[in-house]
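Asks: Its first residue numbered 1, the sequence shown is counted upward by one per residue in this note's numbering.
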Amino acid sequence: MNPTSFLDQISGKLSEIAANSPARDIEKNVRALATSAFSRLDLVTREEFDLQAEMLVRARDQLAALEVRVAELEAALAQREAPGPKG
Numbered sequence: 001m002n003p004t005s006f007l008d009q010i011s012g013k014l015s016e017i018a019a020n021s022p023a024r025d026i027e028k029n030v031r032a033l034a035t036s037a038f039s040r041l042d043l044v045t046r047e048e049f050d051l052q053a054e055m056l057v058r059a060r061d062q063l064a065a066l067e068v069r070v071a072e073l074e075a076a077l078a079q080r081e082a083p084g085p086k087g
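In structure tokens form, the structure reads like this:
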């Protein structure tokens, strides 16, 4: 018998055993159970999370710009309302 074909036969048998082993069935059952449990939870995808994170950064930048603008307007209003020098 050719050593290469012998090793191929052993490899094939080991693959067959691994495919039909109880561990493989357990893995499939655990995966199905986890998938079922996760589908019942209110989870978001990574894409949805990244989109929300981008929107949050934009909102934070807009808020900072608006805070600066409000401060400028309040300062201008305070200058107008301040009593001028009496003459």
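For glycine and all other residues, C-beta sits at the position ideal for the given N, C-alpha and C.
For clarity, every value in this text was computed on a predicted model and none was experimentally measured.
Quick check: what's the CA-CA separation for L51 versus V30?
Replies: As a working note, residue 51 is residue 51 in the sequence shown. As a working note, residue 30 is residue 30 in the sequence shown. Near 31 angstroms, if we compare the C-alpha coordinates of V30 and L51.
Asks: Does DSSP put N29 in a helix, in a strand, or in coil?
Replies: Reading the sequence shown from its first residue, position 29 is the one you call residue 29. Reduced to three states, the DSSP call for N29 is helix.
Asks: Within this structure, are the beta carbons of A18 and R24 separated by less than 8 angstroms?
Replies: Reading the sequence shown from its first residue, position 18 is the one you call residue 18. Reading the sequence shown from its first residue, position 24 is the one you call residue 24. For A18 and R24, yes; Cβs fall inside 8 angstroms.
Asks: What number of angstroms, rounded off, separates the C-alpha of A34 from the C-alpha of A53?
Replies: Reading the sequence shown from its first residue, position 34 is the one you call residue 34. Reading the sequence shown from its first residue, position 53 is the one you call residue 53. About 27 angstroms.
Asks: CB-CB under 8 angstroms to A76, same chain, minus the five flanking residues each way: which ones, in chain order?
Replies: Sequence index remark: in the sequence shown, residue 76 carries index 76 (1-based). Cβ neighbours of A76 beyond the five flanking positions: none.
Asks: I need the straight-line Cα distance from R60 to E74, nearest angstrom please.
Replies: On the sequence shown, residue 60 is found 60 positions in, with the first residue counted as 1. On the sequence shown, residue 74 is found 74 positions in, with the first residue counted as 1. Answer to the nearest angstrom: the Cα atoms are 21 angstroms apart.
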